[in-house]
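Student: Residue numbers (this note's numbering): -18 to 385.
1) Going by DSSP in three states, residue 139 sits in which element: helix, strand or coil?
2) Could you give the distance in angstroms between the alpha-carbon of residue 47 and the alpha-carbon of residue 80?
3) Between the C-alpha atoms of residue 116 and residue 348, what's the straight-line distance to the nearest angstrom?
4) Given a threshold of 16 other Cβ atoms within 10 Å of its Cβ, counted over all protein chains shown, does residue 162 qualify as buried or as exposed?
5) Got a sec, what are the start and stop residues for the beta strand (DSSP E) residue 308 sits in?
6) In chain order, what residues of the same chain lie with their CB nearer than 6 Å to the CB of residue 198, ignoring the 5 residues before and after it?
7) Which one of 16, 9 and 298 has the shortest CA to CA distance from residue 0?
8) Within 10 angstroms of the Cβ of residue 272, are there 16 or more other Cβ atoms? Answer buried if so, exposed if not.
9) Hey, is the region 331 to 338 in contact with the region 271 to 289, meaning 3+ C-beta pairs nearer than 8 Å?
10) Between 218, 308 and 193, which has its C-alpha nearest residue 173's C-alpha?
11) On the DSSP bridge assignment, give the partners of residue 55 in chain order.
12) Starting from residue -15 and walking both ways along the beta strand (DSSP E), at which residues does that stretch end?
13) Do the region 248 to 260 and the region 129 to 143 touch if we need at least three Cβ pairs shorter than 8 Å?
14) In angstroms, rounded to a whole number, what distance separates the CA positions of residue 69 and residue 329?
15) Just to confirm my understanding: we take residue 114, look at its own chain, exclude 5 residues before and 5 after, and list those with CB closer than 7 Å. What are they?
16) Any idea if residue -15 is buried or exposed, counting beta-carbon neighbours within 10 angstroms, 16 or more meaning buried?
17) List the endpoints of the continuous beta strand (DSSP E) containing residue 45.
18) Mapping the DSSP letters down to three states, classify residue 70 as helix, strand or coil.
19) Which residues in the same chain as residue 12 place their Cβ atom closer than 6 Å to its Cβ, once the five residues preceding and following it in sequence are excluded?
20) Hey, residue 306 and residue 323: beta-carbon distance below 8 Å or not?
21) Just to confirm, are residue 295 and residue 278 a CB contact at a threshold of 8 Å?
22) Could you tell me whether the Cβ atoms of residue 219 and residue 230 are closer together than 8 Å?
23) Apart from the five residues just before and just after residue 33, which ones in its own chain have a Cβ nearer than 6 Å to its Cβ?
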């Protein structure tokens, strides 16, 4: 697999944006174009190195068992780091290959001296937890551990790049929240997921996707924060992980996996006290533009808010008329990753003396164990060469149900 060339031009898609396009060739001669559009206001920060493109090529090369070749220079630390990422990925998914990387390298001492700090902003619990703790100028009564300059929202990751109908209302909500937060808000557009990483987004590549965007703007940022998915005591193989995300750093731009010190319940409690999130929280896995209030992810968030006594604070984020304690026992918990979250919610319910909720959660978790054998089969298939797509299909069939 080779990076043929990189061009920087005005975006043909969005006025006021600049596009960086990488032309990539597979060993069989097939070519693809991966592009990123950034606002002209930050286009001076676009990378002219091979760093972001090496990250973009890594999952594809590992999946296709093709070595990587590029003529653009790559930060020596990043190249070393990505070798470690490959070893982790191959351990998690044995069908991947620990491929070779052929490229010139360079080294720079120290982080970007004049660089800014950014945080990814999707509107979910994880991203708000990161933002709320990095606003020293805001008097929200929340703990502060640092500062940020920019918020980065990516169109093309959670909401696919051609889904303008779904993205526009979500963007309007996030833009309003960003105005209250008082930081620069930049929207990045990319076809990376649709063009190159069509499969295994959650399980393998979404952390790498944020690493790709971080280094695409490496001339602007010395540090970029990624909201964590799971807490340290319950870590599992996942696309965004504290063992791999920091390895997308270079000697001048640090990628930080932020927030794994807290459980999802602890994050939700803090986020419910963060005014910008109270009217602009988006957790839904069914609808891109709002919370449906009846999918598993919406419902477990609503249950958590109920336990915490935060229903009123989050009245605008969910349709609470759809919330019924009798439905809790009907939840489909899903696989081991969701079970980690539900166990934390159950512990919170028991601690708060909410046996009405705890009883429903126990029943839901017990009922969901009936599907675990099928999910385990899907996980085994997921790790086998040639049949991992069948594993994904089986998982979708098992987990397709919603609450009515």
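A virtual CB, placed ideally from N, CA and C, is assigned to each residue, including glycine.
Tutor: This is what the structure gives:
1) If you number the chain shown from 1, residue 139 lands on position 158. When secondary structure is reduced to three states using DSSP, residue 139 falls in the coil class, being assigned neither helix nor strand.
2) Indexing the chain shown from 1 puts residue 47 at position 66. Indexing the chain shown from 1 puts residue 80 at position 99. Computed Cα separation, rounded: 6 Å.
3) As a first step, residue 116 is located in the chain shown; it is residue number 135 there, counting from the start. As a first step, residue 348 is located in the chain shown; it is residue number 367 there, counting from the start. If you take the alpha carbons of residue 116 and residue 348, they lie about 42 Å apart.
4) In the chain shown, residue 162 corresponds to position 181, counting from 1. Buried is the label assigned to residue 162, since at least 16 other Cβ atoms lie within 10 Å of its Cβ.
5) Numbered from its first residue, the chain shown carries residue 308 at position 327. Boundaries cannot be given for residue 308, as no beta strand (DSSP E) includes it and DSSP labels it neither H nor E.
6) Mapped onto the chain shown, residue 198 falls at position 217. Once the five neighbours on either side are set aside, the close Cβ partners of residue 198 are 26.
7) For the purposes of this step, residue 0 is identified with residue 19 of the chain shown, where counting begins at 1. When each option's Cα is compared against that of residue 0, the closest is 16.
8) Working through the chain shown from its first residue, we reach residue 272 at position 291. By the 10 Å Cβ count, residue 272 comes out buried.
9) The answer is yes - the region 271 to 289 touches the region 331 to 338, with three or more Cβ pairs under 8 Å.
10) For the purposes of this step, residue 173 is taken as the residue at position 192 of the chain shown. For the options 218, 308 and 193, the alpha carbon positioned closest to that of residue 173 is the one of 193.
11) Here residue 55 refers to the residue found at position 74 of the chain shown. According to the DSSP secondary-structure assignment, residue 55 is paired through a beta bridge with 86.
12) The residue you call residue -15 lines up with position 4 of the chain shown. -17 to -9 is the extent of the beta strand (DSSP E) around residue -15.
13) Counting C-beta pairs closer than 8 Å gives fewer than three between the region 248 to 260 and the region 129 to 143, which falls short of the contact rule.
14) The sequence position of residue 69 within the chain shown is 88, counting from 1. The sequence position of residue 329 within the chain shown is 348, counting from 1. Between residue 69 and residue 329, the alpha-carbon positions lie close to 33 Å from each other.
15) As a working mapping, residue 114 is identified with position 133 in the chain shown. So the qualifying residues of the chain are 123, 124, 125 and 126.
16) Position 4 of the chain shown holds residue -15. Classification for residue -15: exposed.
17) Start at 1 with the first residue of the chain shown, and residue 45 comes out as number 64. Run containing residue 45: none in the beta strand (DSSP E); it sits in the alpha helix (DSSP H), 32 to 45.
18) Locating residue 70 in the chain shown gives position 89, counting from the first residue. The answer is helix: DSSP assigns residue 70 an H, G or I state.
19) What you label residue 12 is simply residue 31 of the chain shown in a count that begins at 1. Short of 6 Å from the beta carbon of residue 12, and not among the five residues preceding or following it, lie these beta carbons of its own chain, in chain order: 6.
20) Start at 1 with the first residue of the chain shown, and residue 306 comes out as number 325. Start at 1 with the first residue of the chain shown, and residue 323 comes out as number 342. Contact: no.
21) Position 314 of the chain shown, counted from the start, is the residue given in the question as residue 295. Position 297 of the chain shown, counted from the start, is the residue given in the question as residue 278. Contact: no.
22) In the chain shown, residue 219 corresponds to position 238, counting from 1. In the chain shown, residue 230 corresponds to position 249, counting from 1. Taking 8 Å as the Cβ cut-off, residue 219 and residue 230 do not qualify as a contacting pair.
23) What you label residue 33 is simply residue 52 of the chain shown in a count that begins at 1. Listed in chain order, the non-local C-beta contacts of residue 33 below 6 Å within the same chain comprise 193, 196 and 197, local neighbours out to five positions each way being set aside.
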